[in-house]
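This note's numbering applies: residue 3 is where the sequence shown begins, and numbers increase by one.
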Amino acid sequence: MDKLFQLDFALLHDSVLTLIAVFVLALGGSYLFFNPARKFLEKRKQSIADDINAAKKDKEEAESLKIEYEEKLKNVDAQVEEILSDARKKALANENRILADAREEAGKIIDNANREANLEKQKVVNEVKEEMVTVASAMAGKIVASSLNAADQKRLLDETLKEMGEDTWLS
C-alpha cells in the first residue's frame, strides 16, 4: 500500500453513485424546499411592489387633493366676499323697499289728513254761513220791527254780536 487510497472500480462506482444521489437529493430538495421558498419570496416581492405602487398612487392623490384644497382656500376669501356682497345688495334692496313703502304710507296718511282738514274746514265754513244767516235774519227782524235811526241800528248790531259771542267771528 504505497498510496493513501487506491483508485479502483468500486471506489469509482461508489463515487459516481454518491454524486448521482447528491444530485437527485439536490433536485428533490430544490423542488420540495427551494421552489416554495422562491414562490413565497416572489409573492412577498410582488406584495411589497404593489404596496409601494399603492403608496405612490396614494401620495399622488394626496398631493392633488392638497393642491385642490389650497386652491379652494384661496377662493374661500373671494366666495366670502361674494356672499357678503350679495347680502349687502339684498339688505340695500330691502331698505329701499321699506323706505318706499314708508313714503307711500306717509303720503297716504298726509292725503287722508288733508282730506279730513278740508272736510273740517268746509264744515266750519258751512256753520259760519248758517250763523251769518241766523244773525242776518235776527237783525232784519229787529230792524223791520222798529224803524230805527242810525244810532239805534248800530246799537242793535252791537247787541246782536255780543249775544252771538266774539268767538264765532274770531275763529
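Here a beta-carbon is modelled for each residue, glycine too, at the ideal position from N, C-alpha and C.
query                                                                                                                                                            : result
Got a sec: is the Cβ-Cβ distance from ILE112 to anything in chain D below 8 angstroms?                                                                           : Checking the listed chains, one finds no chain D in this structure; it contains a single protein chain.
Alpha carbon to alpha carbon, what distance is there between SER32 and ALA51?                                                                                    : 26 angstroms
Just curious, the alpha helix (DSSP H) that ASP154 is in, first and last residue?                                                                                : 152–166
Evaluate the contact criterion for the region 132–142 versus the region 160–167: three or more CB pairs, one atom per stretch, below 8 angstroms.                : yes
Can you name, in chain order, every residue of its own chain whose Cβ lies under 6 angstroms from the Cβ of VAL130, other than the five neighbours on each side? : none
Counting only runs of 4+ residues fully inside the region 31–58, write out the alpha helix (DSSP H) ranges in chain order.                                       : none
When the Cα atoms are used, what is the spatial distance from ILE85 to ASN77?                                                                                    : 12 angstroms
Does DSSP put ASP103 in a helix, in a strand, or in coil?                                                                                                        : helix
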